[in-house]
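The structure appears below as C-alpha cells.
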Amino acid sequence: MCGSVKELRHSDLELCKLARQAKDNWWQMKARQMQWLADTNQLEEFYAEVRHLLGTSTMAKVPMNSTSGEALFKSGVEKLERWVEHFNTLLNVDNFVDLDHVR
Numbered sequence: 001m002c003g004s005v006k007e008l009r010h011s012d013l014e015l016c017k018l019a020r021q022a023k024d025n026w027w028q029m030k031a032r033q034m035q036w037l038a039d040t041n042q043l044e045e046f047y048a049e050v051r052h053l054l055g056t057s058t059m060a061k062v063p064m065n066s067t068s069g070e071a072l073f074k075s076g077v078e079k080l081e082r083w084v085e086h087f088n089t090l091l092n093v094d095n096f097v098d099l100d101h102v103r
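In the UniProt record's numbering, the protein residues as written are 1 to 103.
Shown next, in the form of C-alpha cells:
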C-alpha cells in the first residue's frame, strides 16, 4: 500500500509538471503570435487576441436605467437616447457667476 501512495504522489507531481510545461509552451506560442501581429502592424487582430485572452466582451456589464432609475433600456435606440440625455445634462449646465464674489 505504501508503494502505491508514493507512486501516486510521484505521478501527480509529474502530471502537474507536464501541465505547467504545456501551459508555458502555449503562452510562449501565443506571445510569439501576438508579437508577430504587432510587428506586421495587424493591430485589429492583435487587439482581438488581447480581448480574447482577457475575456472582455463588447456587452455592457451594467444595465442602463432611466434618470428616475425605473426603466431598464434594452434596445440600442433607447440606449443611445439615454446617452444623449446624460451628456446633455452633464455638458449643458447654466453657469451663473456672481461678479461680486469674483472680485
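For each residue, glycine too, the CB sits at the ideal point set by N, CA and C.
This structure is a prediction, so every number in the text was calculated from the model and none was measured.
Nearest-angstrom Cα separation, counted from residue j out to residue i
| i | j | result |
| --- | --- | --- |
| L72 | E81 | 13 Å |
| K17 | E7 | 15 Å |
| R47 | K23 | For the sequence presented, residue 47 should be read as Tyr rather than Arg. Cα to Cα, Y47 sits roughly 21 Å from K23. |
| R91 | N25 | In the sequence as displayed, the identity of residue 91 is Leu instead of Arg. If you take the alpha carbons of L91 and N25, they lie about 51 Å apart. |
| H86 | E70 | 15 Å |
| V93 | V77 | 25 Å |
| S66 | K74 | 11 Å |
| D98 | M34 | 57 Å |
Where the alpha helix (DSSP H) containing residue i begins and where it ends
| i | result |
| --- | --- |
| A48 | L43 to L54 |
| V77 | G76 to L91 |
| L99 | L99 to V102 |
8 Å CB neighbourhood of residue i in its chain, flanking five on each side removed
| i | result |
| --- | --- |
| L53 | K30 |
| A38 | F46 |
| T40 | none |
Paired residues, beta bridge with residue i - DSSP
| i | result |
| --- | --- |
| N65 | L72 |
Residue i at chain B interface by Cβ criterion, 9 Å
| i | result |
| --- | --- |
| L43 | Of the protein chains in the structure, only one exists, and it is not chain B. |
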